[in-house]
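Presented below is the structure to which this report refers.
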Amino acid sequence: ETHKETLGFQTEVKQLLQLMIHSLYSNQEIFLRELVSNASDAIDNLRFQAIARPELLEGQGEPRIRISTDKDAGTVTIEDNGIGMSRDEVVANLGTIARSGTAELLRGMTGEQKKDSQLIGQFGVGFYSSFIVADRVEVFTRRAGLAAGEGVHWSSTGEGEFEVASIDKAEPGTRIVLHLKEGAGEFADDWRLRGIIKRYADHIGAAIEMPRQAADEAGEDDNAGTGWESVNDASALWTRPRNEIGDDEYRAFYQHIAHDFEDPLAWSHNKVEGNLEYTSLLYVPGRAGFDLYHRDANHGLKLYVQRVFITDRADQFLPNYLRFVRGVVDSGDLSLNVSREILQNSPAVASMKTALTRRVLDMLAKLATDDTDKYAKFWAQFGEVLKEGPAEDAGNREKIAALFRFASTHDDSGKPSVSLADYLGRMQDGQDKIYYLVGESHTQLRNNPHLEVFRKKGVEVLLLSDRIDEWMMGYLQEFDGKGFVDVGRGDLDLGKLDSSEDKARQEEIAKASEGLVERIKGALGEQVSQVRVSHRLTESPAVLAVGEHDIGAQMRHLLEASGQ
Ligand code: ADP
Ligand code: MG
Numbered sequence: 004e005t006h007k008e009t010l011g012f013q014t015e016v017k018q019l020l021q022l023m024i025h026s027l028y029s030n031q032e033i034f035l036r037e038l039v040s041n042a043s044d045a046i047d048n049l050r051f052q053a054i055a056r057p058e059l060l061e062g063q064g065e066p067r068i069r070i071s072t073d074k075d076a077g078t079v080t081i082e083d084n085g086i087g088m089s090r091d092e093v094v095a096n097l098g099t100i101a102r103s104g105t106a107e108l109l110r111g112m113t114g115e116q117k118k119d120s121q122l123i124g125q126f127g128v129g130f131y132s133s134f135i136v137a138d139r140v141e142v143f144t145r146r147a148g149l150a151a152g153e154g155v156h157w158s159s160t161g162e163g164e165f166e167v168a169s170i171d172k173a174e175p176g177t178r179i180v181l182h183l184k185e186g187a188g189e190f191a192d193d194w195r196l197r198g199i200i201k202r203y204a205d206h207i208g209a210a211i212e213m214p215r216q217a218a219d220e221a222g223e224d225d226n227a228g229t230g231w232e233s234v235n236d237a238s239a240l241w242t243r244p245r246n247e248i249g250d251d252e253y254r255a256f257y258q259h260i261a262h263d264f265e266d267p268l269a270w271s272h273n274k275v276e277g278n279l280e281y282t283s284l285l286y287v288p289g290r291a292g293f294d295l296y297h298r299d300a301n302h303g304l305k306l307y308v309q310r311v312f313i314t315d316r317a318d319q320f321l322p323n324y325l326r327f328v329r330g331v332v333d334s335g336d337l338s339l340n341v342s343r344e345i346l347q348n349s350p351a352v353a354s355m356k357t358a359l360t361r362r363v364l365d366m367l368a369k370l371a372t373d374d375t376d377k378y379a380k381f382w383a384q385f386g387e388v389l390k391e392g393p394a395e396d397a398g399n400r401e402k403i404a405a406l407f408r409f410a411s412t413h414d415d416s417g418k419p420s421v422s423l424a425d426y427l428g429r430m431q432d433g434q435d436k437i438y439y440l441v442g443e444s445h446t447q448l449r450n451n452p453h454l455e456v457f458r459k460k461g462v463e464v465l466l467l468s469d470r471i472d473e474w475m476m477g478y479l480q481e482f483d484g485k486g487f488v489d490v491g492r493g494d495l496d497l498g499k500l501d502s503s504e505d506k507a508r509q510e511e512i513a514k515a516s517e518g519l520v521e522r523i524k525g526a527l528g529e530q531v532s533q534v535r536v537s538h539r540l541t542e543s544p545a546v547l548a549v550g551e552h553d554i555g556a557q558m559r560h561l562l563e564a565s566g567q
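What follows is the structure, encoded as structure tokens:
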């Protein structure tokens, strides 16, 4: 070894290591999933870069990941023939965390084991999860395309520092050696590891190999005991026919691509043939990632072109308001040399986007009918994101609006459970508008005097208190041919809901009150733009209303908060 140096981990890494070791001890085996996942990414990456530079493959054989154990030494070794890392990359990748949301994650930790392990799991623990089972980790790696003398040896006990040194490494790729902790010795066992791999990694595209088992030695195979055998299917899951894939496999694949411990709420797997040929496998996650609202976060689908991995943040295939969707698109039409620019301007991508958007909206509609509980979970996590839809995607406005759930005066729970279809089904005779009220909170809305007349007439009003609601309603003019009316605004016309006697009485009252109105106007002066006799109150004497075309209170607060 030459050029040896000792470096400190970035502070966040130290914190993460501490937290991980303490909160994930009941979920130790995930280290294997993370390391296999990294090896698989590295293989995908090499194949992608070799499209432009075939010499990177250096005559290596098929892509493979090899896993072996040594009981006596207490080690597990994971080796891949993927892209490998240069010295700079080792220092950057295995010494820092560059992911967005790290600070939030660390702040969100409670010290409560169960909660924290969920948080970390959702964040994706990655390479550092090695330290859940190992008290020393060594990485031997060489970047494909660099000389054999430019190999790197990284090692650490996970306590704040790591060492890097230059070594000779004959093959490009990465070998990771875990020196198991006392108490984690069970993992130095091939059968134990096979079991884990079966569960987590059958869908991994590269072959995962382990030493041929002793049981085979009795057979004719001369390589028995020294050779390797594949322990996974090594067929990319989405390329297989739907009816041959079990739900467990779909779930495991989701966990692999989404870096999530939990199950997805729904998925949709489709092969499209004809004009455009592509396969898509799209998932609705069970919970929002940390970076849902980060502008530069890792949104998008994993894109493959004819099974060759291209990128895992292809955000051109779905609109922004569906950015929570995870999954894979494999296109038969795009070129392997596809670039960001091409993706942005390709008519093929545009029509795939249209079709995939439909697919997701249909999948959500189906989830809403099939499983109300799961849909409620979805809505709690992603409802606010979906509400960006009417503004972004005018063509699908009606479909998107049908997925919305609101609180309403129909029940007092304040839970967003009312769909627009539910609302339409409960409309009164003569009602031709959908009434709603926007405010800061459900409690505030429930007691709002604007609702008095609606209560009296038995007309339901939707109660909207998400930050985004007022803005969103600006883009949602109607549903199923019925216009929306903000009951907190302007002069309320109840249309046919008011009988002609009602109207005559209202006019009489307005006439009789002219003098009073003038006096109030005089008293309030500049503070109001108008004083009117209102028929919407049954108990309160007066109410403040927003002008028909003025911005409402919620938008005003948003704009003020953003300094406008
Ligand atoms: P993530 O996989 O989410 O990026 P990890 O902590 O798992 O985070 O890995 C950090 C980085 O280290 C990876 O992005 C990759 O650049 C590098 N890396 C890890 N394992 C390997 C490997 N086997 N081959 C090449 N690079 C690797
Ligand atoms: Mg990883």
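Its first residue numbered 4, the sequence shown is counted upward by one per residue in the UniProt record's numbering. Think of the CB as a built atom: it goes at the ideal place given N, C-alpha and C, for glycine as much as any other residue.
When the beta-carbon positions are compared, ASP171 and GLY148 stay at least 9 Å from each other. If you check the C-beta of ASP44 against the ligand ADP, you find a heavy atom less than 8 Å away. If you compare the alpha carbons of ALA371, LEU367, ASP318, VAL388 with that of MET355, the shortest gap goes to ASP318. Between THR9 and GLU164, the CB-CB gap stays under 9 Å. ALA55 is not a Cβ neighbour of ILE81, given a cutoff of 9 Å. Here DSSP, grouped into helix, strand and coil, assigns ALA237 to coil.
CA-CA distance, LYS485 to TYR426, rounds to 11 Å.
A residue is called buried when at least 16 other Cβ atoms come within 10 angstroms of its Cβ; LEU465 meets this threshold and is buried. Taking a cut-off of 8 Å on C-beta distances, the segment 179–193 does not touch the segment 91–99, as fewer than three cross pairs fall below it.
In this structure, the beta-carbon distance from ASP396 to PRO350 does not fall below 9 Å. Here the segment 410–417 makes contact with the segment 452–472; the two share three or more CB pairs at distances below 8 Å. Excluding five sequence positions before and after SER40, the CB atoms of its chain that fall closer than 7 Å to its own CB belong to HIS259, given in chain order. A residue is called buried when at least 16 other Cβ atoms come within 10 angstroms of its Cβ; LYS390 meets this threshold and is buried. The shortest C-alpha to C-alpha distance from HIS156 to any of ALA150, GLU166, GLU162 is the one to GLU166. Of the other Cβ atoms in all chains shown, fewer than 16 fall within 10 Å of the Cβ of ALA150; this residue is therefore exposed. 9 Å or more divides the Cβ of THR160 from the Cβ of GLY87. Counted as a single uninterrupted DSSP element, the beta strand (DSSP E) harbouring LYS436 occupies residues 436–441. Counting C-beta atoms within 10 angstroms of its own C-beta, TRP194 has fewer than 16 neighbours from the protein chains shown and is therefore classed as exposed.
It is roughly 6 Å from the alpha-carbon of ARG178 to the alpha-carbon of VAL142.
Looking at GLU481, GLU344, GLY477, the one whose alpha-carbon comes closest to that of ALA405 is GLU481. Within its own chain, the residues whose Cβ lies closer than 8 Å to the Cβ of SER338, once the five positions on either side in sequence are excluded, are VAL308, ILE345, listed in chain order. In this structure GLU265 is in contact with GLY289, their Cβ atoms being roughly 5 Å apart against a cut-off of 8 Å. By the C-beta density criterion, LEU423 is buried, having at least 16 other C-beta atoms within 10 angstroms. Taking a contact as a CB-CB distance under 8 Å, the pair PHE327 and ALA291 counts as one, their CB atoms being some 6 Å apart.
In this structure, HIS262 sits away from ASN235, with a CB-CB distance that is not shorter than 9 Å. Counting only runs of at least 3 residues, the segment 410–459 fully encloses the following beta strand (DSSP E) elements, listed from N- to C-terminal order: 436–441.
In the DSSP assignment, VAL520 falls outside any beta strand (DSSP E) and lies within the alpha helix (DSSP H) extending over 517–527. HIS25 and GLY104 have their C-alpha atoms spaced approximately 20 Å apart. Rounded to whole angstroms, the gap between the alpha carbons of LEU268 and LEU367 is 10 Å. Taking ILE248 as the centre and dropping the five residues before and after it, the same chain places the C-beta of LEU240 closer than 7 Å to its C-beta, in chain order. For HIS156, the enclosing beta strand (DSSP E) stretches over residues 154–159.
By the neighbour-count criterion, in which 16 or more other beta carbons inside 10 Å mark a residue as buried, LEU285 falls on the buried side. Secondary structure at GLY62: coil, using DSSP grouped into helix, strand and coil. For ALA137, the enclosing beta strand (DSSP E) stretches over residues 137–145.
For PHE256, DSSP records no beta bridge to any residue.
Rounded to the nearest whole angstrom, the C-alpha separation of ILE199 and ILE313 is 28 Å.
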